[in-house]
Amino acid sequence: MTQIQNLNLGKIKAIVAGLALGLMICNQVQAEAVSASPTNASNKHIYVDQYDLSTNLWGISGAGTGWSETIFTNSTTSMDGSGYKWTGLGGDTTSVKAYPSIRQGASNSQNDPGVSGLPYLFGDNSTNVDVLWDFTTAGYDGAGNISGTYNHAIDVFFRSANIWNTSYLKGEIMVIPDSSANSQTAGWGSKDATSFVLDGETWDVWQATMTSNGNSWPVTQFRKRVNAHYFSKNLKYFFAEAARRRADVFQSSYYVMMIEAGTEVKSGSGHLYNKNYQVSVY
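The opening position of the sequence shown corresponds to residue 11 in the numbering used here, with each subsequent residue numbered one higher.
Here is the structure:
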């Protein structure tokens, strides 16, 4: 009887190993990657359902001539296993050169509001916006930690009309769970005297102004005092705190246009691997 049990166990192990190998091969076949460089500096995109993974090279002109950026996915149904790598971004350490990120909402050319839940009227801030972002920056593909200046940030834009045009942009909220030491201590703009505490975690709050293409708008930043690579929160609580501090900016008549999570790269090299990424608006 013992021999029969061992034989069955061996068969089960072989079947499990075969299934695991099949899944690994399947993932390799489904993986997609695209790169940008000084000779091919247009923005690149990989679309998965309601998510848009983009190189987002909006400040790349200041990065010099030795840079490269690659974005990749490992699933056709989710952003789990996705990520990006960047190298050689030069120039000053104060301006953003690229913001490789996952977008959901109005900026995504394939956005379906009925599915994504975006955009929506801010109103009384009763809409839930759950974000789960679990990522790592070391060990993946044999590379080491990030060098340079960066912010791992969640970005949300508020507009006075449900129109994707910068002239309607009235406010921005950034939630930054992790950043380089020089970004964390210097911040951006002016630091509020009081911090924000949510679920026992302290976030320093900064107020700034962003200008792009002749348009300017206020930005409220929540910068986590103790860095973390795991974020699981309902953004409505950050929205409420931002509106409490800046009621003139985050008005009930405005629209929440999009949710974006990625890395603001100001200089250096590195990579990010998304172990789990989900946004749910309801």
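Backbone N, C-alpha and C define an ideal beta-carbon position, used for all residues, glycine too.
1. I need the straight-line Cα distance from A51 to G210, nearest angstrom please.
2. What number of angstroms, rounded off, separates the C-alpha of F145 from the C-alpha of T176?
3. DSSP beta-bridge partners for L128?
4. Tell me the rounded alpha-carbon separation between T80 and Y247.
5. Have a look at D188 and K243 and give me their C-alpha separation to the nearest angstrom.
6. Going by DSSP, what residue range makes up the beta strand (DSSP E) through R113?
7. How long is the line joining the alpha carbons of S205 and T49, rounded to whole angstroms?
8. If you follow the alpha helix (DSSP H) that F249 is part of, which residue opens it and which one closes it?
9. For D202 and S85, I'd like the C-alpha separation in whole angstroms.
10. Quick one: residues in its chain with C-beta nearer than 6 Å to the C-beta of N135, no 5 flanking neighbours on either side, listed in chain order?
11. For S71 and S277, what's the separation of their Cα atoms in angstroms?
12. Report back the beta-carbon spacing between W227 and M220 to the nearest angstrom; my notes put them in contact at under 8 Å.
13. Quick one: what does DSSP say T103 is sitting in, helix, strand or coil?
14. Compare the C-alpha of G100 against each of N284, E270 and Y160 and name the closest.
15. Tell me, please, which residues DSSP counts as bridged to S47.
16. Here's the rule I'm using: 16 or more other beta-carbon atoms within 10 Å means buried, otherwise exposed. How should T236 be labelled?
17. Closest to L284 by CA distance: which of G69, S64, G93 and S78 is it?
18. Could you name the residues that DSSP lists as bridge partners for V266?
19. Enumerate in chain order the residues of its own chain whose CB-to-CB distance from K180 is below 7 Å, with the five nearest sequence positions on each side excluded.
20. Strictly by DSSP, which residues pair up with L208?
21. Taking just the CA atoms, how far does T273 sit from A163?
22. For the beta strand (DSSP E) holding Q261, just list the boundary residues, first then last.
23. Using three-state DSSP, classify Y292 as helix, strand or coil.
24. Give me whichever residues DSSP pairs with Y94 in a beta bridge.
25. Which class does S177 belong to by DSSP, given the choice of helix, strand or coil?
26. If I follow the unbroken beta strand (DSSP E) through R2, where does it start and stop?
27. Would you list the one or two residues that DSSP bridges to Q60?
28. Look at the alpha carbon of A252 and the alpha carbon of I183, and state the distance between them as a whole number of angstroms.
29. Mind checking R113: buried by the 16 CB within 10 Å criterion, or exposed?
Short version:
1. Their Cα atoms are separated by approximately 42 Å.
2. Spanning the two alpha carbons is a distance of roughly 30 Å.
3. According to DSSP, which records beta bridges pairwise, L128 is partnered with nothing at all.
4. So the alpha carbons of these two residues sit roughly 33 Å apart.
5. Each residue's alpha carbon lies about 15 Å from the other.
6. Per DSSP, R113 belongs to the beta strand (DSSP E) from S111 to G115.
7. Between the C-alpha atoms of S205 and T49 there is a straight-line separation of about 44 Å.
8. F249 -> alpha helix (DSSP H) spans K246 to R255.
9. Spanning the two alpha carbons is a distance of roughly 41 Å.
10. Once the five neighbours on either side are set aside, the close Cβ partners of N135 are K246, F249 and A250.
11. Rounded to the nearest angstrom, the two C-alpha atoms are 13 Å apart.
12. Rounded, the Cβ-Cβ distance is 6 Å, consistent with contact.
13. Residue state, collapsed to three classes: coil.
14. Looking at the Cα atoms, Y160 is the closest of the given residues.
15. Looking at the DSSP assignment, S47 forms a beta bridge with N50.
16. According to the sequence provided, residue 236 is Val. The question's Thr does not apply to it. Around the beta carbon of V236, fewer than 16 other beta carbons sit within 10 angstroms, so the residue counts as exposed.
17. The question names Leu, but residue 284 is Asn in the sequence shown. In terms of Cα proximity to N284, the closest of G69, S64, G93 and S78 is G93.
18. DSSP links V266 through a beta bridge to Y130 and F168.
19. Closer than 7 Å at the Cβ level, and outside the excluded window around K180, lie F168, R169, S170, W227, V259 and Y264.
20. Answer is E211.
21. Taking the CA atoms as reference points, A163 sits about 6 Å from T273.
22. No beta strand (DSSP E) holds Q261; DSSP gives it neither H nor E.
23. Y292: coil per DSSP, three-state reduction.
24. In the DSSP output, where bridge partners are listed per residue, Y94 has I81 and L282.
25. Residue state, collapsed to three classes: helix.
26. The structure shown does not extend to residue 2, since the chain spans only 11 to 292, so no value can be given for it.
27. In the DSSP output, where bridge partners are listed per residue, Q60 has none listed.
28. Each residue's alpha carbon lies about 8 Å from the other.
29. Taking a 10 Å sphere around the C-beta of R113, we find 16 or more other C-beta atoms and assign the residue as buried.
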